[in-house]
Amino acid sequence: MTISLNHAIVPATDKQASAGFLPAILGLEASAQWGPFVPVRVGDVSLDFADVNLLGTQQVTPHHYAFLVSETDFDQIFARIRDADLSFYANRHEPKRPGEINYDRGGRTVYFDDPDGHIMEVLTQSPI
Numbered sequence: 001m002t003i004s005l006n007h008a009i010v011p012a013t014d015k016q017a018s019a020g021f022l023p024a025i026l027g028l029e030a031s032a033q034w035g036p037f038v039p040v041r042v043g044d045v046s047l048d049f050a051d052v053n054l055l056g057t058q059q060v061t062p063h064h065y066a067f068l069v070s071e072t073d074f075d076q077i078f079a080r081i082r083d084a085d086l087s088f089y090a091n092r093h094e095p096k097r098p099g100e101i102n103y104d105r106g107g108r109t110v111y112f113d114d115p116d117g118h119i120m121e122v123l124t125q126s127p128i
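All residue numbers for the sequence shown refer to the UniProt record's numbering, where the first residue is 1 and numbers rise by one.
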């Protein structure tokens, strides 16, 4: 049996702004709005940004999204994080180690938050 993840819905207070933020940092492009969603293609998976009220709530509960990238892509993404003056940190849990990159898994990992508080992770070596 072959199974692959096709898409995930990302709740946002402003789907257009959130769907613009992530591609700007990762060096991707948002697609045109499709129904109530603004898709962002990440490899074979689409992250479909949706206004939180579409999902039956009025506030965003932050989720965690991790992106495995090459060393070269990491350098470019990290430069965009710094150019955007975003806060970044080395650990998702306390102590977060703000302003640091995590080297604990043999690669590099950095975390930053999107406008709705979703925890975005960029890493060069998969822990799995």
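Note that the Cβ used here is the ideal one computed from N, Cα and C, for glycine as well. Values in this document were obtained by computation on a predicted structure and should not be read as measured data.
Using the rule of at least 16 other Cβ atoms within 10 Å of the residue's Cβ for burial, across every protein chain shown, is T109 buried or exposed? Start at 1 with the first residue of the sequence shown, and residue 109 comes out as number 109. When all chains shown are included, T109 counts as buried.
Counting C-beta neighbours from all protein chains within 10 Å, is the total for L5 16 or more, i.e. buried, or is it exposed? The count along the sequence shown starts at 1 and reaches residue 5 at position 5. Per the 10 Å Cβ criterion, exposed.
Quick one, are the C-beta atoms of A12 and F37 less than 7 Å apart? Here residue 12 refers to the residue found at position 12 of the sequence shown. Here residue 37 refers to the residue found at position 37 of the sequence shown. No, these two residues do not count as a Cβ contact at 7 Å.
Going by other Cβ atoms of all chains shown within 10 Å of its Cβ, with 16 needed for buried, is A79 buried or exposed? Along the sequence shown, one-based indexing puts residue 79 at 79. Result: exposed.
CA-to-CA distance, R41 to E121, given in whole angstroms: Here residue 121 refers to the residue found at position 121 of the sequence shown. Here residue 41 refers to the residue found at position 41 of the sequence shown. If you take the alpha carbons of E121 and R41, they lie about 16 Å apart.
Distance, Cα to Cα, A89 vs G35? Residue numbering aside, residue 89 sits at position 89 when the sequence shown is read from its first letter. Residue numbering aside, residue 35 sits at position 35 when the sequence shown is read from its first letter. Correcting the residue type first, residue 89 is Tyr in the shown sequence and not Ala. About 35 Å.
Inter-residue Cα distance where the pair is N91 and R97: The count along the sequence shown starts at 1 and reaches residue 91 at position 91. The count along the sequence shown starts at 1 and reaches residue 97 at position 97. N91 and R97: Cα-Cα distance of roughly 6 Å.
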